[in-house]
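Inspection log for the structure reproduced underneath, given as structure tokens.
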Amino acid sequence: MQKDYLVVGLGLAGLAFSSILEQNKRSFHIIDNNSNLSSRVIGGMYNPIILKRFSPAWKAHEMWQQSILTYQHLERKFAKTYFQPFKIFRILKSIEEQNNWSVASDKVVMKEYMTSQLVHEAISGIDAPYGFGELQNVGRVEGEQILQDYKKFALDSGLLSVEPFVYEEITFKDQLVYYKGQTYKHIVFCEGSYVTQNPYFNYLPMKVSKGEMLIVEIPDLEMTQAIKSSCFMVPLGNHLFIVGATYNWEDKTVDLTQVGQAELEEKLQSFLKLPYRILDYKAGIRPTVSDRRPLLGKHPQFPQLAILNGLGTRGIIYAPALAEILFNHLENDQTLDPDLHITRFSQEYSETNSNHSI
Ligand SMILES: Cc1cc2nc3c(=O)[nH]c(=O)nc-3n(C[C@H](O)[C@H](O)[C@H](O)COP(=O)(O)OP(=O)(O)OC[C@H]3O[C@@H](n4cnc5c(N)ncnc54)[C@H](O)[C@@H]3O)c2cc1C
């Protein structure tokens, strides 16, 4: 029997694409090997503003407006609440930063998120002599919970096989693609950082980064906002907070490291003046691309194969919007933005990158 799609990978990207297929009544199957390198540790924060230099992240505002609809759809589907809105207080480090905040908060798009009035109220236990810049319309989506719920649904419905995908089993005939005796119109690869092992797409310049984070308990801190300083401190309720995350471009393992923990604790202690206890420690690999843009499109020689990857540090904001864009590209030949289309690499890289073997 022929199916429309085979989706490889059930992290945020695979979940978002499967959800779009379902909403558009397409037949599909998912294969995932359960080794989920990124989405399983996701902090879940949505924030379209880069808080280092007070500028909008690439297309994050418009993507987020589109992505919200998919999360709302999933909330209805599983009768759960996944949104946890909160404010982010960015600790300002100087008078210059106060001025920069005020200027940036007056700009189009930024206004949606950055409030122009600086916050000078003291939060007991948080060191912020220059006050805070306040971000609104941001928060957290419970990404790990959504994945868990979707995985259960997919298993119960026979839509998911938990096994490794075997690239050698792919064959092509008459515009279709075959995998282990089953026929599909498209295989969509949503493999996160594992794409480096995919012989069809490993020419794309992934520059993955390991992230580590802590879950801490701070019994004396009464706070519902997130704090951003040299790291994030995100409220989970009941005096629990996520502290993260590190960026390591060399270490490709998900092992927990003393160096990572020490870095996070040092950053936390630079603004937190209260006792805390580390309850848990997590690490994952972000699928980041050398130019920090997503990877979308069909394979240059085998258009039955497509990719949805490169979500980087903002998977929550980008995944559902990109899934819809890719779906419209595959189904309706809708043109892709050159900034996210993989053709920005294919020629150059297939000529120079000897890893590209099919
Ligand atoms: C510490 C940390 C904190 C983060 N915090 C945030 C945050 O607060 N907000 C935010 O928006 N983003 C955050 N991110 C980034 C976010 O996690 C990623 O952008 C997102 O999860 C990437 O999803 P993905 O589906 O592309 O990849 P993954 O989650 O890695 O999923 C890929 C899936 O494909 C499967 N797979 C791969 N190859 C095969 C194969 N051959 N056969 C079968 N299955 C296969 C894997 O098992 C996996 O399940 C964070 C990342 C880290 C590491």
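All you need for this note's numbering is the position in the sequence shown, starting with 1, plus 881.
Every residue, glycine too, gets a C-beta built ideally from N, C-alpha and C.
Values in this document were obtained by computation on a predicted structure and should not be read as measured data.
Three-state secondary structure (DSSP) at Ala941?
If you number the sequence shown from 1, residue 941 lands on position 60. Ala941: helix per DSSP, three-state reduction.
DSSP-derived helix/strand/coil call for Leu1245
No answer is possible for residue 1245: it lies beyond the span of the chain, which begins at 882 and ends at 1239.
How is Asp1161 classed by DSSP in three states: helix, strand or coil?
Taking the first residue of the sequence shown as position 1, residue 1161 is located at position 280. Asp1161 falls in the strand class under three-state DSSP.
Straight-line CA distance for Trp1130 to Pro1219?
In the sequence shown, counting from the first residue as 1, residue 1130 sits at position 249. In the sequence shown, counting from the first residue as 1, residue 1219 sits at position 338. Their backbone Cα atoms lie some 26 Å apart in a straight line.
Rounded to the nearest angstrom, how far is the Cβ of Ala897 from that of Thr951, given a contact under 8 Å?
One-based indexing of the sequence shown puts residue 897 at position 16. One-based indexing of the sequence shown puts residue 951 at position 70. About 6 Å separates the two Cβ atoms, so the contact holds.
Within this structure, are the beta carbons of Pro1168 and Ser1038 separated by less than 8 Å?
Working through the sequence shown from its first residue, we reach residue 1168 at position 287. Working through the sequence shown from its first residue, we reach residue 1038 at position 157. No, the pair does not count as a contact, with Cβ atoms beyond the cut-off.
In angstroms, rounded to a whole number, what distance separates the CA positions of Glu874 and Gly1006?
The requested residue 874 does not occur in the structure, where the chain is confined to residues 882 to 1239.
By a C-beta neighbour count over all protein chains shown, 10 Å radius and 16 as the cutoff for buried, is Lys988 buried or exposed?
Sequence index remark: in the sequence shown, residue 988 carries index 107 (1-based). Counting C-beta atoms within 10 angstroms of its own C-beta, Lys988 has fewer than 16 neighbours from the protein chains shown and is therefore classed as exposed.
Cutting at 8 Å between CB atoms, please list the residues of its own chain near Leu1028, excluding the five before and the five after it.
Position 147 of the sequence shown, counted from the start, is the residue given in the question as residue 1028. Excluding residues within five positions, the ones whose Cβ falls inside 8 Å are Leu891, Gly892, Leu893, Leu896, Asn917, Ser920 and Arg921.
Spatial neighbours of Leu1160 in its chain, beta-carbon cut-off 6 Å, leaving aside the 5 residues before and after
Mapped onto the sequence shown, residue 1160 falls at position 279. In its chain, beyond the 5 residues on either side, Ile1096 and Glu1098 have a beta carbon closer than 6 Å to the beta carbon of Leu1160.
Apart from the five residues just before and just after Ile901, which ones in its own chain have a Cβ nearer than 6 Å to its Cβ?
Start at 1 with the first residue of the sequence shown, and residue 901 comes out as number 20. Taken in chain order, the residues that qualify are Ala1204, Glu1205 and Phe1208.
May I ask which residues mark the beginning and end of the beta strand (DSSP E) holding Gln883?
If you number the sequence shown from 1, residue 883 lands on position 2. Per DSSP, Gln883 belongs to the beta strand (DSSP E) from Gln883 to Val889.
Measuring only the C-alpha atoms, how far is Arg1174 from Leu1221?
Numbered from 1 along the sequence shown, position 293 holds the residue referred to as residue 1174. Numbered from 1 along the sequence shown, position 340 holds the residue referred to as residue 1221. Distance between the alpha carbons of Arg1174 and Leu1221 is about 6 Å.
Quick check: is any heavy atom of ligand 1 less than 7 Å from the C-beta of Pro1045?
Here residue 1045 corresponds to residue number 164 of the sequence shown, with the count starting at 1. Yes, since a heavy atom of ligand 1 falls inside the 7 Å radius drawn around the Cβ of Pro1045.
For Glu1015, count the other beta carbons within 10 Å of its own beta carbon; 16 or more makes it buried, fewer makes it exposed. Which is it?
In the sequence shown, residue 1015 corresponds to position 134, counting from 1. Classification of Glu1015: buried, given that the 10 Å Cβ count is 16 or more.
Bounding residues of the alpha helix (DSSP H) (the contiguous stretch that carries Ile923):
For the purposes of this step, residue 923 is identified with residue 42 of the sequence shown, where counting begins at 1. That residue, Ile923, is in no alpha helix (DSSP H); it is neither H nor E in DSSP.
Kindly give me the distance between the Cβ atoms of Gln904 and Lys1066, rounded to whole angstroms, as I take these residues to be in contact under 8 Å.
As a position in the sequence shown, residue 904 is number 23, starting the count at 1. As a position in the sequence shown, residue 1066 is number 185, starting the count at 1. Wrong, their Cβ atoms sit about 17 Å apart, outside the cutoff.
Checking 8 Å against the spacing of the C-beta atoms, do Leu1177 and Leu1217 come in under that value?
Walking along the sequence shown from the start, residue 1177 turns up at place 296. Walking along the sequence shown from the start, residue 1217 turns up at place 336. Yes, the pair counts as a contact, with Cβ atoms nearer than the cut-off.
Start-to-end residues for the alpha helix (DSSP H) that takes in Ala960:
Taking the sequence shown and counting its residues from 1, the one referred to as residue 960 is at position 79. According to the DSSP assignment, Ala960 belongs to no alpha helix (DSSP H), since it is labelled neither H nor E.
Of all the beta strand (DSSP E) runs that stay within the bounds of the stretch 1179-1228, which reach a length of 3 or more residues?
Assignment of beta strand (DSSP E) within the stretch 1179-1228, counting only whole runs of 3 or more residues, yields 1186-1190 in chain order.
Roughly how far, in whole angstroms, is the beta-carbon of Ala941 from the beta-carbon of Ile1198, given that I think they are within contact range, below 8 Å?
Translated into positions along the sequence shown, residue 941 becomes position 60. Translated into positions along the sequence shown, residue 1198 becomes position 317. The Cβ separation is near 5 Å, so the contact holds.
Residue environment, Leu1085, which counts as buried when at least 16 other CB atoms sit within 10 Å
Position 204 of the sequence shown holds residue 1085. Burial is judged here by how many other beta carbons sit within 10 angstroms of a residue's own beta carbon; Leu1085 has at least 16 and is buried.
Cutoff 6 Å; reference Tyr1230; Cβ partners in own chain excluding five residues on either side:
Taking the first residue of the sequence shown as 1, we reach residue 1230 at position 349. Low confidence applies to Tyr1230: its pLDDT is 49, below 50, so where it sits in the model is not reliable, and the reading given next is rough at best. The answer, listed in chain order, is Tyr1084.
So, Phe967 versus Ala1187, is the Cβ gap smaller than 8 Å?
Here residue 967 refers to the residue found at position 86 when the sequence shown is read from its first residue. Here residue 1187 refers to the residue found at position 306 when the sequence shown is read from its first residue. No, the Cβ-Cβ distance between Phe967 and Ala1187 is not below 8 Å.
On the DSSP bridge assignment, give the partners of His1067 in chain order.
Mapped onto the sequence shown, residue 1067 falls at position 186. Paired residue(s): Tyr886.
Note down, in chain order, each residue of its chain lying with its Cβ closer than 7 Å to the Cβ of Gln946, except the 5 sequence neighbours on either side.
To locate residue 946, count along the sequence shown from 1; it is residue 65. Listed in chain order, the non-local C-beta contacts of Gln946 below 7 Å within the same chain number zero, local neighbours out to five positions each way being set aside.
Residue range of the alpha helix (DSSP H) that includes Lys1046
Position 165 of the sequence shown, counted from the start, is the residue given in the question as residue 1046. According to the sequence as given, residue 1046 is Phe; it is not Lys. No alpha helix (DSSP H) holds Phe1046; DSSP gives it neither H nor E.
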